[in-house]
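Heads up: the structure comes next, in structure tokens.
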């Protein structure tokens, strides 16, 4: 049986530090039919030049990653779409494992569990947090989906940050399912700082009112799922008490950033 074509879509902007390793990891896949599409949002650091030397297709466009992903989906030729961030590195069997998982389970989407890599205390705290989610499909973003489904719905272009959760919530509301592929994807966060974390969560929070308005109760359900994941992994947390305390503080700060951004986003919408 011929293996299906999988179109891997990577949106990027000024990610010179990680883009080559990301794209090379896609090129190293053992799945025989992979199309690599990069959608670059007018990079100024040479990211686009690196991408042109590796990808099958490079598209220039923005303004945000939701629109970039949708442009990639429209250009793709694969039966399956696998979307990837430009600071992620796939193990060689990631695509084939995701396709096998979809075929075996009939899932609407397949998630690729992530392992944070990088330097510094706060990056280690993020790594510990992600370890708590490894067995929770609904806390992961579905990354492998059928192109026909994504052409019909796609990513919500008025959101920047929460569009991943929006896709997950839509799948769940429609009665679909998300399954985990038996792989680990490295997510290179570099050296996280509290300032970086706050700014990103504030920015994502600007779109949070749109997400909440469209998915009544979904955020509360996700919050409950996160707390249950921490409870299931209490042994993991107590083995690393300093990072566990740091993780808790980081998550509180992130919640505040989301709420502060959501407040600003709501005001903008009402202005």
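In the numbering used here, the protein residues as written are 18 to 288. Using N, Cα and C, we set each Cβ at its ideal position, and we do this for glycine too. This structure is a prediction, so every number in the text was calculated from the model and none was measured.
Please list, in chain order, all residues of the same chain as residue 247 whose beta carbon is under 8 Å from its beta carbon, the five residues on each side excluded. 149, 254
Rounded to whole angstroms, what's the CA-CA distance from residue 31 to residue 101? Just pull it up for me. 16 Å
Where does residue 118 sit, in a helix, a strand or coil, going by DSSP? helix
Through-space distance from residue 264 to residue 146, alpha-carbon basis: 7 Å
Mind checking which residues open and close the alpha helix (DSSP H) that includes residue 227? 225-231
Taking residue 200 and residue 110 to be in contact with their CB atoms under 8 Å, please state how far apart those CB atoms are, rounded to whole angstroms. 6 Å
Under a three-way DSSP split, which group does residue 132 fall into? strand
Please go through the stretch 161-192 and give each complete alpha helix (DSSP H) segment of 4 or more residues, from N-terminal end onward. 164-169, 180-190
Per DSSP, which residues does residue 98 bridge with? Please list them. 24, 162
Note down, in chain order, each residue of its chain lying with its Cβ closer than 7 Å to the Cβ of residue 186, except the 5 sequence neighbours on either side. 232, 235
Quick one: what's got a C-beta closer than 7 Å to residue 223's C-beta in the same chain, skipping five residues either side? 278, 281, 282
Length of the line joining the Cα atoms of residue 48 and residue 70: 21 Å
By how many angstroms is the C-alpha of residue 211 removed from the C-alpha of residue 269? 12 Å
Could you tell me the distance, in whole angstroms, from the CA atom of residue 208 to the CA atom of residue 260? 15 Å
Can you tell me the Cα-Cα spacing of residue 67 and residue 57, whole angstroms? 11 Å
Buried or exposed (CB count within 10 angstroms, at least 16 for buried), residue 288: exposed
Can you tell which of 258, 90, 34, 121 has its C-alpha closest to the C-alpha of residue 172? 90
Going by the beta-carbon positions, is the gap between residue 45 and residue 118 smaller than 7 Å? no
To which residues does DSSP link residue 145 through a beta bridge? Bridge partners of residue 145: none, in fact.
Residue 92 versus 127, 176, 144, 164, residue with shortest Cα-Cα distance: 164
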